[in-house]
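Visitor: I'd like to ask you about the structure that follows.
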Amino acid sequence: MKPLFAAAALLLAACSARVAPDIVVENGWARATVAGQGSAAAYLTIVNRGSGDDRLIDVSMPRARMAKLHSSSMEGGVMRMRDLSDGLAIPGGETVRLAPNGTHVMITGLAQPLRPGEQLAATLRFAKAGTKTLAIRVEQAAR
Amino acid sequence: MTIKRIRLLLWLLVAIAISALAMLLVRQPVEQAATEGTVAIGGPFTLTDGDGRPFSSAKLAGKPFAIFFGFTHCPDVCPTTLARLARLRGQLGGGDDSFAIVFVTVDPERDGPQEVDRYTALFGTPVIGLTGSRAQIEQVKKQFGVFSQKVDQPGADYSVDHTAATFLFGSDGTFVATIAPDEGDDAALAKLKRILG
């Protein structure tokens with residue numbers, strides 16, 4: 821019986837590995853800010869190389885009092901910004917881009933303005949893949 | 002095809018027609034106001050510039066301008082829009098003087114002259130930043146058909162939902178077109194060329 825169990829366990833492990841998400845985070849950037857601007861947006865790319873779905877739940881950045889997933893969406897010519905409190909789906913095999921005028925990480929409570937050339941540490945927490953870290957590079961505002 | 006199926010199909014068509022009509026009705030007023038040159042948009046105004054001095058719209062006369070309403074705490078759409086206008090003005094090659102870029106805050110509570118001045122200096126090219134009293138801002142919003150509304154955010158400072166279009170005016174002061182944030186650069190460039198004449 822024992823070899824049979826072992827084989828079954830192995831098969832199960834193989835199956836779950838095949839459907840597991842495999843998350844890579846890259847190309848993090850943010851626009852420079854000036855004093856008085858309490859908030860900024862960070863953009864990045866999330867690649868799910870696995871076949872299993874995942875979900876980005878939470879972002880934290882030590883430089884900011886708070887980092888949150890936000891969406892900007894146009895409704896009848898009006899831009900509305902809202903919290904993505906349920907996180908962001910990262911389907912298996914897909915690339916999700918957080919880009920200007922759309923989903924972004926809203927950074928609030930900046931004690932110091934973001935200066936071009938700076939790198940900000942960010943930790944992204946996924947439901948299945950756990951935490952991933954990346955550096956957000958600060959670029960000229962006029963990018 | 003059975004009668005039942007045909008009836009189902011017909012009902013489906015009716016449902017599609019109704020939803021299409023509903024969408025049209027919901028969207029039309031905004032798009033009409035935003036894209037047609039004949040609607041009265043703009044007009045004379047007096048606000049306050051980044052140095053705290055009165056700024057009369059007469060200063061914009063004789064030159065085309067692009068005017069955008071936003072707020073300095075806006076993390077995504079406002080800097081994206083102003084950065085794009087700065088970039089496209091550079092691409093068009095007519096220099097910083099070819100058309101003015103004007104930023105008007107819809108959040109005068111937080112954006113005084115100093116905030117607006119520092120913010121507009123971010124874009125590496127001249128941008129006219131304007132603020133004013135609440136009454137002045139409300140008046141200008143009305144003139145340009147701009148909507149804005151404060152939105153409380155859990156655990157953070159308030160945000161402001163606002164009309165995100167950029168309004169383009171020719172050198173004679175007539176409203177020509179708008180650029181929406183979700184329009185591509187090619188469309189935006191074509192519209193900017195129209196105000197450059």
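If you read the protein sequences in the order shown, they are chains A and B. Adding 820 to a residue's 1-based position in the first sequence gives its number in the numbering used here. Adding 1 to a residue's 1-based position in the second sequence gives its number in the numbering used here. We put the CB at the ideal spot given by N, CA and C, even for glycine.
(1) Cβ of A:Met886 within 8 angstroms of Cβ of A:Ser892?
(2) Tell me, please, whether the CB atom of B:Thr98 is closer than 8 angstroms to any CB atom in chain A?
(3) Output the residue ranges of the beta strand (DSSP E) runs that lie fully inside the segment 102-176 of chain B and measure 3 residues or longer, sorted by chain position.
(4) Report yes if the CB atom of A:Leu944 is closer than 8 angstroms to the CB atom of A:Arg883, and no otherwise.
(5) Quick one: list the residues of chain B neighbouring A:Val854, beta-carbon separation under 9 angstroms, in chain order.
(6) For a contact meaning CB atoms closer than 8 angstroms, what does A:Met894 contact in chain B?
(7) Measure the beta-carbon distance from A:Ala919 to A:Tyr863 and round it to whole angstroms, keeping in mind my assumption that it falls under 8 angstroms.
(8) Should A:Ile877 be listed as close to the ligand SAH, given that the test is whether its C-beta is under 7 angstroms from any heavy atom?
(9) At 7 angstroms on the CB atoms, spell out the chain B contacts of A:Met926, in chain order.
(10) Helix or strand or just coil, what does DSSP make of B:Ile7?
(11) Mind checking which residues open and close the alpha helix (DSSP H) that includes B:Arg195?
(12) Inspect the beta-carbon positions of B:Ala67 and B:Leu169 and report whether they are closer than 8 angstroms.
(13) Using a beta-carbon distance cut-off of less than 7 angstroms, what residues from the segment 949-962 of chain A approach chain B?
(14) At 3 residues or longer, and completely inside the segment 844-931 of chain A: list those beta strand (DSSP E) runs for me, N to C.
(15) Buried or exposed: where does A:Gln939 fall if 16 or more other Cβ atoms within 10 Å of its Cβ makes it buried?
(16) Which same chain residues, not among the five before or five after A:Ala852, have their C-beta less than 8 angstroms away from its C-beta?
(17) Kindly indicate which residue of A:Lys948, A:Ala949, A:Asp873, A:Met926 has the alpha-carbon position closest to the one of A:Ser880.
(18) Flag B:Arg54 as yes if its beta-carbon sits less than 8 angstroms from any beta-carbon of chain A, otherwise no.
(19) Anything in chain A within Cβ reach of B:Ala87, meaning under 7 angstroms, just list it in chain order.
(20) Let me confirm a value: B:Asp97 is counted as buried when at least 16 other C-beta atoms fall within 10 Å, else exposed. Which label applies?
(21) Do B:Thr49 and B:Ser57 count as a contact pair if the criterion is CB distance below 8 angstroms?
(22) I'd like to confirm the pairing. Which residues does DSSP put opposite B:Ala178 in its beta bridges?
(23) For a test of the three-state rule: what should DSSP assign to A:Arg957, helix, strand or coil?
(24) Can you tell me whether A:Leu940 is helix, strand or coil according to DSSP?
(25) Once you ignore the five residues that flank B:Asp162 on each side, which residues in its own chain have a CB closer than 6 angstroms to its CB?
(26) When DSSP labels each residue in this structure, what does B:Ala67 get in the three-state scheme?
(27) Give the C-beta separation of B:Ala178 and B:Lys194 to the nearest angstrom, bearing in mind that I take them to be a contact with Cβ-Cβ under 8 angstroms.
(28) Let me know if A:Gln857 comes out buried or exposed under the rule of 16 or more other beta-carbons within 10 Å of its beta-carbon.
(29) According to the neighbour-count rule (16 or more other Cβ atoms, all chains shown, within 10 Å of its Cβ), is A:Lys888 buried or exposed?
(30) Taking the alpha-carbon positions, what's the B:Pro76 to A:Gly922 distance?
(31) Give the C-beta separation of B:Thr81 and B:Pro182 to the nearest angstrom, bearing in mind that I take them to be a contact with Cβ-Cβ under 8 angstroms.
(32) What do you reckon, are the CB atoms on B:Gly71 and B:Phe104 nearer than 8 angstroms?
(33) Tell me the DSSP secondary structure of A:Lys952 in three-state form.
(34) Just the Cα atoms here: how many angstroms apart are B:Gly133 and B:Pro45?
Guide: In terms of the structure at hand:
(1) no
(2) According to the sequence as given, residue 98 of chain B is Asp; it is not Thr. No, because no Cβ of chain A sits closer than 8 angstroms to the Cβ of B:Asp98.
(3) 129-132, 149-154, 157-164, 167-170
(4) no
(5) Thr73, Glu116, Arg119, Tyr120, Ala122, Leu123
(6) Ala165, Ala181, Pro182, Asp183
(7) 5 angstroms
(8) Of ligands this structure carries none, so the ligand SAH is not represented either.
(9) Pro76
(10) helix
(11) 186-197
(12) yes
(13) Gln960, Ala961, Ala962
(14) 859-868, 874-880, 884-895, 898-903, 908-910, 915-918, 923-930
(15) exposed
(16) Pro933, Leu934, Arg935, Pro936, Val958, Glu959, Gln960, Ala961
(17) A:Met926
(18) no
(19) Ala962
(20) exposed
(21) no
(22) B:Leu169
(23) strand
(24) strand
(25) Gln150, Val152
(26) strand
(27) Wrong, their Cβ atoms sit about 11 angstroms apart, outside the cutoff.
(28) buried
(29) buried
(30) 11 angstroms
(31) 7 angstroms
(32) yes
(33) strand
(34) 14 angstroms
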